[in-house]
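Asks: Chains as they are written, first to last, in my numbering: chain A, 3 to 425; chain B, 976 to 1066. For glycine and all other residues, C-beta sits at the position ideal for the given N, C-alpha and C.
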Amino acid sequence: MTDYHPMWEELGMDLETHDLLCDALPVAFGDTYLSQENRPENMAFYDFVVSGIHGIRPAEFIEMKKEGRKVFGTFCVFVPDEVVVACNGAVTGLCGGSQFWVPDGEKHIPSDTCPLIKASLGAHFGKTCPYFMVSDMYVGETTCDGKKKAYEVLGADKETYIMDMPQMKRPCDIVKWKEEIAAFAAKVEEVTGVTLTPENLAEAIKVINAKRAALKRVYDCRKADPVPISGKDALLMIQIAFFDDPVRCAEMANKLADELEQRIADGVGVFPAGTKRIMVTGTPLAIPNWKLHHIIETSGAVVVCEDMCTGSRYFENQVDESGTTLDEQFMALSERYMKNNCACFTPNPGRLEDIVRQAKEYHVDGVIDCNLKFCTLYNIEKQSVADLLAEEGIPCLSLETDYADNDAEQLRTRIGAFVEMLG
Amino acid sequence: MPLSRNVRCYALLKTHTDVWALFEACKEAGVEARIAPTPRQADTHASCGTSLLVPCDTSDAVLALASERGIATNGVVRVQNAIDPARDRYC
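1) Using 8 Å as the limit for Cβ to Cβ distance, is A/S37 near chain B?
2) Note the first and the last residue of the continuous beta strand (DSSP E) segment covering A/I164.
3) A/V190 by DSSP, collapsed to three states: which one?
4) Run the CB neighbour count on B/A1042, radius 10 Å, all protein chains shown included, and call it buried at 16 or more, exposed below.
5) Are the C-beta atoms of B/N981 and some chain A residue less than 8 Å apart?
6) How would you list, in chain order, the residues of chain A whose beta-carbon sits under 8 Å from the beta-carbon of B/P1060?
7) Nearest-angstrom Cα distance between A/E108 and A/A125?
8) Just to check my reading of the structure: B/L1028 and B/R1062 have Cβ atoms closer than 8 Å, yes? What is that Cβ distance to the nearest angstrom?
9) For a quick check, are the C-beta atoms of A/N370 and A/I280 less than 8 Å apart?
10) Does any C-beta atom of chain B lie closer than 8 Å to the C-beta of A/M135?
11) Check the Cβ of A/K293 against every Cβ in chain B and list those closer than 7 Å, keeping chain order.
12) Which bits of chain A does B/R1009 rub up against, with CB to CB less than 8 Å?
13) Using CA coordinates, which residue listed in A/T199, A/G128 and A/V104 is at the minimum distance from A/N291?
14) Check the Cβ-Cβ distances between B/C1031 and every residue of chain A, and say whether any is below 8 Å.
15) Beta strand (DSSP E) containing B/L988: first to last residue?
16) Residues of chain A with CB closer than 7 Å to the CB of B/L1040, please, in chain order.
17) According to the Cβ coordinates, are A/I64 and A/M139 closer than 8 Å?
18) I'd like the ranges of any beta strand (DSSP E) spanning at least 3 consecutive residues and lying wholly in the stretch 113 to 172 of chain A.
19) Rank A/F273, A/E182, A/L96 and A/A215 by C-alpha distance to the C-alpha of A/L156 and give the top, closest one.
20) Hey, is the stretch 318 to 330 of chain A in contact with the stretch 291 to 307 of chain A, meaning 3+ C-beta pairs nearer than 8 Å?
21) In this structure, how does DSSP classify B/L978 when only helix, strand and coil are distinguished?
22) Near A/Q360, which residues of its chain fall below 8 Å by C-beta distance, leaving aside the five closest residues on each side in sequence?
23) What is the residue span of the beta strand (DSSP E) that A/S400 lies within?
24) Runs of 3 residues minimum, wholly inside the stretch 16 to 100 of chain A: which ones carry the beta strand (DSSP E) assignment?
25) Does the beta carbon of A/V52 sit closer than 8 Å to a beta carbon anywhere in chain B?
26) Run through DSSP, which three-state label would A/P111 get?
27) Please work out which residues of its chain come closer than 6 Å, Cβ to Cβ, to B/G1005, disregarding the five sequence neighbours upstream and downstream, and give them in chain order.
28) Helix, strand or coil for A/P248? Go by DSSP, reduced to three states.
29) If you drop the 5 nearest sequence neighbours on each side, which residues of the same chain put their C-beta closer than 7 Å to that of A/P200?
30) Measuring only between beta-carbons, confirm whether A/A30 sits less than 8 Å from chain B.
31) Is the stretch 211 to 225 of chain A touching the stretch 176 to 185 of chain A in the sense that three or more CB pairs, one from each, lie closer than 8 Å?
32) Which residues in the same chain have their Cβ closer than 8 Å to the Cβ of A/V220, if we skip the five residues on either side of it in sequence?
33) Between B/K1002, B/A1036, B/R1009 and B/A1057, which has its C-alpha nearest B/T1025's C-alpha?
34) Measuring only the C-alpha atoms, how far is A/Y364 from A/V229?
35) Does any residue of chain B bring its CB to less than 8 Å from the CB of A/S100?
36) Going by other Cβ atoms of all chains shown within 10 Å of its Cβ, with 16 needed for buried, is B/P1012 buried or exposed?
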């Protein structure tokens, strides 16, 4: 098989430690994904990407860089990909979803920081993630205190541009975010050497809108009963979307959606009709964080929707394509991105409205609200979520976990009891 | 067709493009195959590499198909206990 060691070595990676991660991936992916029966055929593409996740896509980025293109590593759904794509750059998500990277992160930031942040820093400083290594620069954002301070630590080692996220959603905050996008655009122009124009930005807006539309088609299929795709597979599609070329991402998601729509027409599902339907909400599930979905789907239920950044927040709401000046386009981008109901906002009634709306749209029987340990924002919002769902008569289970395996049995017990309670 | 619970067979190929090509060939020929990360037990040199997971009783057919299409392989390797959904070991 292709030996990526020379490429990783050239990137400056710690090969010996990285090989330990490569040891763990086949087991975790096999147990979680390949144990499923009757998966959609078009999941083969996503299996292919995961199987070569630290080789195939990083190699593509290296080829882009040889052509003079720049790679921007991002941590959050608020960073507008459109601006980078318009300047002929590439955007990639960054590693942060595995316990493997946590110990290296704890060498640089306190252990009572959320595992997503610790893992991200661990992947960078441990030199065990090719996406960090291949990025020309990182783009952070002020969506929580932990990330804000972590970016200072990261930025001391590699250029990290920070977008200052408004904390409220007043009209002046939409304008403020538009100004942040304009400032980011100036930075992207400087790094890429490409001038942003209304024409190239308009084209990029269309590309990213098409990607969102394709991902939404797949999610819409999950509203059916029987559901034609498992929650695990839908999660994998979204996780990979953060790393993939946006045009290919749309093409593959549309192929998958075609198949799922046919499955619905044929009454084909991956779980029997009437299987209890769960919506998951809370902190994002960065690849390869599959624990929660796997436990739910091996406990007699199916995940039909994720109200999270690695879920519907990634593709809901399109950017208005009618702007003809950069000023109008920046405003359109701001308006779309500021519709994202992240827990960083105060107050944040939009998230509660999203949860109830999606619970109805996806016909859910229960909601699992799960946050990563030390994520104060989502942890505090749990009570509001539970109260509102109680008012709506929708059962809710609140959980807290991290990336370690050692709470799997406890989660299994609690989730199993919750599913049983759903009747 | 359910795969055996205890033994899995992995077809090892030279490159990831060969993996995709053989996967497509299997699909066309109606031979079951799934793309999978290569377990270390299947290839001691495997490191985040890609292979094809095939039912052990069709491994000869898969190799024949590869030969017919001019796709070079490193054979099919049997791996014990490769997949266990109750193992609860994550990355």
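Replies: This is what the structure holds:
1) For the purposes of this step, residue 37 of chain A is taken as residue 35 along the first sequence, with counting starting at 1. At least one beta carbon of chain B lies nearer than 8 Å to the beta carbon of A/S37.
2) Sequence index remark: in the first sequence, residue 164 of chain A carries index 162 (1-based). Start and end: T162 to M165.
3) Sequence index remark: in the first sequence, residue 190 of chain A carries index 188 (1-based). Helix, per DSSP.
4) Residue numbering aside, residue 1042 of chain B sits at position 67 when the second sequence is read from its first letter. Correcting the residue type first, residue 1042 of chain B is Ser in the shown sequence and not Ala. With a threshold of 16 other beta carbon atoms within 10 Å, B/S1042 falls short and is exposed.
5) The residue given as residue 981 of chain B occupies position 6 in the second sequence. No, its Cβ sits nowhere closer than 8 Å to a Cβ of chain A.
6) Counted from its first residue, the second sequence places residue 1060 of chain B at position 85. Taking a Cβ-Cβ threshold of 8 Å, the residues of chain A close to B/P1060 are D33, T34, S37, H296 and T300, in chain order.
7) Here the question's residue 108 of chain A lines up with position 106 in the first sequence. Here the question's residue 125 of chain A lines up with position 123 in the first sequence. Looking at the two C-alpha atoms, the distance is approximately 11 Å.
8) Position 53 of the second sequence, counting from 1, holds the residue named residue 1028 of chain B. Position 87 of the second sequence, counting from 1, holds the residue named residue 1062 of chain B. With a Cβ gap of about 17 Å, B/L1028 and B/R1062 do not count as contacting.
9) As a working mapping, residue 370 of chain A is identified with position 368 in the first sequence. As a working mapping, residue 280 of chain A is identified with position 278 in the first sequence. One detail in the question is off: residue 370 of chain A reads as Ile in this sequence, not Asn. Yes, the Cβ-Cβ distance between A/I370 and A/I280 is below 8 Å.
10) Counted from its first residue, the first sequence places residue 135 of chain A at position 133. Interface flag for A/M135 against chain B is unset, since no Cβ pair is found closer than 8 Å.
11) Numbered from its first residue, the first sequence carries residue 293 of chain A at position 291. Near A/K293 (Cβ distances below 7 Å), the residues of chain B are Y1065.
12) Taking the second sequence and counting its residues from 1, the one referred to as residue 1009 of chain B is at position 34. Close partners of B/R1009 in chain A (Cβ separation under 8 Å): L36, A46 and D49.
13) Numbered from its first residue, the first sequence carries residue 291 of chain A at position 289. The candidate whose alpha carbon is nearest that of A/N291 is A/V104.
14) Counting from 1 along the second sequence, the entry for residue 1031 of chain B is found at position 56. Chain A, which has no Cβ nearer than 8 Å to the Cβ of B/C1031, makes this no.
15) In the second sequence, residue 988 of chain B corresponds to position 13, counting from 1. Segment V982 to L988, the beta strand (DSSP E) holding B/L988.
16) Position 65 of the second sequence, counted from the first residue, corresponds to residue 1040 of chain B. Within 7 Å Cβ-Cβ: nothing; B/L1040 doesn't reach chain A, min ~16 Å.
17) Sequence index remark: in the first sequence, residue 64 of chain A carries index 62 (1-based). Sequence index remark: in the first sequence, residue 139 of chain A carries index 137 (1-based). Cβ distance not < 8 Å, so A/I64 and A/M139 don't count as in contact.
18) Taken in chain order, the complete beta strand (DSSP E) segments of 3 or more residues contained in the stretch 113 to 172 of chain A are 139 to 143 and 162 to 165.
19) For this step, residue 156 of chain A is matched to residue 154 along the first sequence. Per the Cα distances, A/L96.
20) With the cut-off at 8 Å, the stretch 318 to 330 of chain A and the stretch 291 to 307 of chain A do not touch.
21) For the purposes of this step, residue 978 of chain B is taken as residue 3 along the second sequence, with counting starting at 1. With a pLDDT of 48 at B/L978, under the threshold of 50, the predicted position of this residue should be treated as unreliable, and no value is reported.
22) Position 358 of the first sequence, counting from 1, holds the residue named residue 360 of chain A. Taking A/Q360 as the centre and dropping the five residues before and after it, the same chain places the C-beta of M281, C307, D309, S314 and V366 closer than 8 Å to its C-beta, in chain order.
23) Within the first sequence, the letter at position 398 stands for residue 400 of chain A. Looking at the DSSP string, the run of the beta strand (DSSP E) that includes A/S400 is C398 to T403.
24) DSSP runs (the beta strand (DSSP E)) wholly in the stretch 16 to 100 of chain A: 73 to 76 and 92 to 95.
25) Taking the first sequence and counting its residues from 1, one reaches residue 52 of chain A at position 50. So, interface residue.
26) Locating residue 111 of chain A in the first sequence gives position 109, where the first residue counts as 1. The residue asked about is misnamed: residue 111 of chain A is Ile in this sequence, not Pro. Residue state, collapsed to three classes: coil.
27) Reading the second sequence from its first residue, position 30 is the one you call residue 1005 of chain B. Nothing meets the Cβ criterion.
28) Here the question's residue 248 of chain A lines up with position 246 in the first sequence. In the structure shown, A/P248 falls within a helical segment according to DSSP collapsed to helix, strand and coil.
29) Translated into positions along the first sequence, residue 200 of chain A becomes position 198. Within the same chain, Cβ atoms closer than 7 Å to the Cβ of A/P200 are found at T326, T327, L328 and Q331, the five residues on either side in sequence being excluded.
30) Reading the first sequence from its first residue, position 28 is the one you call residue 30 of chain A. Answer yes: the Cβ-Cβ gap between A/A30 and chain B drops below 8 Å somewhere.
31) Two segments are said to touch when three or more pairs of C-beta atoms, one from each, lie closer than 8 Å; by this definition the stretch 176 to 185 of chain A does not touch the stretch 211 to 225 of chain A.
32) The residue you call residue 220 of chain A lines up with position 218 of the first sequence. Spatial neighbours of A/V220 in its own chain (CB-CB distance under 8 Å, excluding positions within 5 residues in sequence) are listed in chain order as I231, A236, M239, A255, L258, A259 and L262.
33) As a first step, residue 1025 of chain B must be located in the second sequence, where it is residue number 50. Comparing Cα-Cα distances from B/T1025 to each of B/K1002, B/A1036, B/R1009 and B/A1057, the minimum goes to B/R1009.
34) Counting from one through the first sequence, the residue named residue 364 of chain A turns up at place 362. Counting from one through the first sequence, the residue named residue 229 of chain A turns up at place 227. C-alpha separation (whole angstroms): 10 Å.
35) What you label residue 100 of chain A is simply residue 98 of the first sequence in a count that begins at 1. Answer yes: the Cβ-Cβ gap between A/S100 and chain B drops below 8 Å somewhere.
36) Here residue 1012 of chain B refers to the residue found at position 37 of the second sequence. Label assigned to B/P1012: buried.
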